[in-house]
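Under the numbering used here, think of the first position of the sequence shown as 1, with each following residue one higher.
Structure first, then comments.
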Amino acid sequence: MSKLGRQTYLEKVYACWLGKNIGGTLGGPHEGKPGPLELTFYDPVPTEPAANDDL
Numbered sequence: 001m002s003k004l005g006r007q008t009y010l011e012k013v014y015a016c017w018l019g020k021n022i023g024g025t026l027g028g029p030h031e032g033k034p035g036p037l038e039l040t041f042y043d044p045v046p047t048e049p050a051a052n053d054d055l
C-alpha cells in the first residue's frame, strides 16, 4: 500500500466533503420520493449549499 503526503490527503478529504455537500444539496429536495428518479436538470440550480443533516 502506498502512502499519501499530507497535502494530497487534505485535498482528498476536502474533495470528499465537497462532493457529499453537493450531493446533499441536489438530492435533499428529492428525499422520500418514490424512485428511482430520472433527473436531467435541477431547476432552479442551487447557488448555495442547503442545510444538510447528512454531513
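Cβ atoms here follow ideal geometry from the backbone N, Cα and C, with glycine treated the same way.
Predicted model, so just to flag it, every value in this text is computed and none were measured.
Discussion item. By the three-class DSSP mapping on this structure, what secondary structure does residue 50 have?
Written reply: Secondary structure at residue 50: coil, using DSSP grouped into helix, strand and coil.
Discussion item. For a test of the three-state rule: what should DSSP assign to residue 42, helix, strand or coil?
Written reply: Reduced to three states, the DSSP call for residue 42 is coil.
Discussion item. Please return the same chain residues whose Cβ sits closer than 7 Å to the Cβ of residue 20, not counting the five positions on each side in sequence.
Written reply: 55
Discussion item. Once the 5 residues before and after residue 17 are set aside, which same chain residues still bring their CB inside 8 Å of it?
Written reply: 55
Worksheet entry | Runs of beta strand (DSSP E) wholly within the segment 3-38 (minimum 3 residues, chain order) | none
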